[in-house]
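Per this note's numbering, the sequence shown starts with residue 134, numbered consecutively. Just so it is clear, CB atoms sit at the ideal spot from N, CA and C, and this is done for glycine as well. Just so you know, these numbers come straight off a predicted model, no measurement behind them. Report on the structure given below.
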Amino acid sequence: VDPLPLRQRGDRWYLRAHCHDRNDSRTFLVDGIRSPVVLADDAEHDAKDDEPSRFPSELTSVSAHIRVRPHALHLIADFTPQLGDFDDGGWVRGTVELRHAQTAVRLVQAAPGLVVVDGPDAAREAVRLWAEDAAAAYDE
134 VDPLPLRQRG
144 DRWYLRAHCH
154 DRNDSRTFLV
164 DGIRSPVVLA
174 DDAEHDAKDD
184 EPSRFPSELT
194 SVSAHIRVRP
204 HALHLIADFT
214 PQLGDFDDGG
224 WVRGTVELRH
234 AQTAVRLVQA
244 APGLVVVDGP
254 DAAREAVRLW
264 AEDAAAAYDE
């Protein structure tokens with residue numbers, strides 16, 4: 134990637150960068166970057182190349198309604214869930230703020246089978262599509 138702005142939202146840091154794999158500007162959670170390497174080559178893209186409309190000054194978020202098994206709370210702690218009451222099935226209800234609906238997939242990947250995204254519909258759809266793709270890989 135070619136780094137662009139580094140921004141903070143709450144206790145999280147995000148790197149805006151031009152991704153060479155996708156040939157587009159993307160936002161990366163800094164905590165999710167593993168084994169970064171500084172290259173000798175100069176970056177090909179500059180912050181002025183990143184359209185301001187594509188990265189607003191304030192990151193917007195999606196409030197997702199979830200259910201999680203109590204013993205899996207530590208697995209989703211990075212998503213800082215706001216927890217509510219237990220439901221009749223022993224799940225803890227709560228909400229998490231996600232960068233966008235697609236981030237719900239990362240939430241479910243952190244605790245597969247132990248967290249359910251109840252809404253909004255866009256977040257549920259993202260998780261459904263991911264699960265279908267994962268299941269289809271076993272059919273091949």
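Here Ala-205 is actually not in contact with Ala-267; their C-beta atoms are around 19 Å apart, not less than 8 Å. Assignment of Gly-252 by DSSP, reduced to helix, strand and coil, places it in the strand class. Pairing Ile-199 with Val-171 gives a Cβ-Cβ distance that is not under 7 Å.
Counting along the chain, the unbroken beta strand (DSSP E) around Thr-228 starts and ends at 225 to 231. Residue state for Ile-209 is assigned as helix, using DSSP reduced to three classes.
Beyond the five residues adjoining it in sequence on each side, Thr-160 comes within less than 6 Å, by CB distance, of Tyr-147, Arg-149 in the same chain, given in chain order. Minimum Cα-Cα distance from Arg-140 among the listed residues Pro-253, Leu-162, Ser-158, Cys-152 corresponds to Leu-162.
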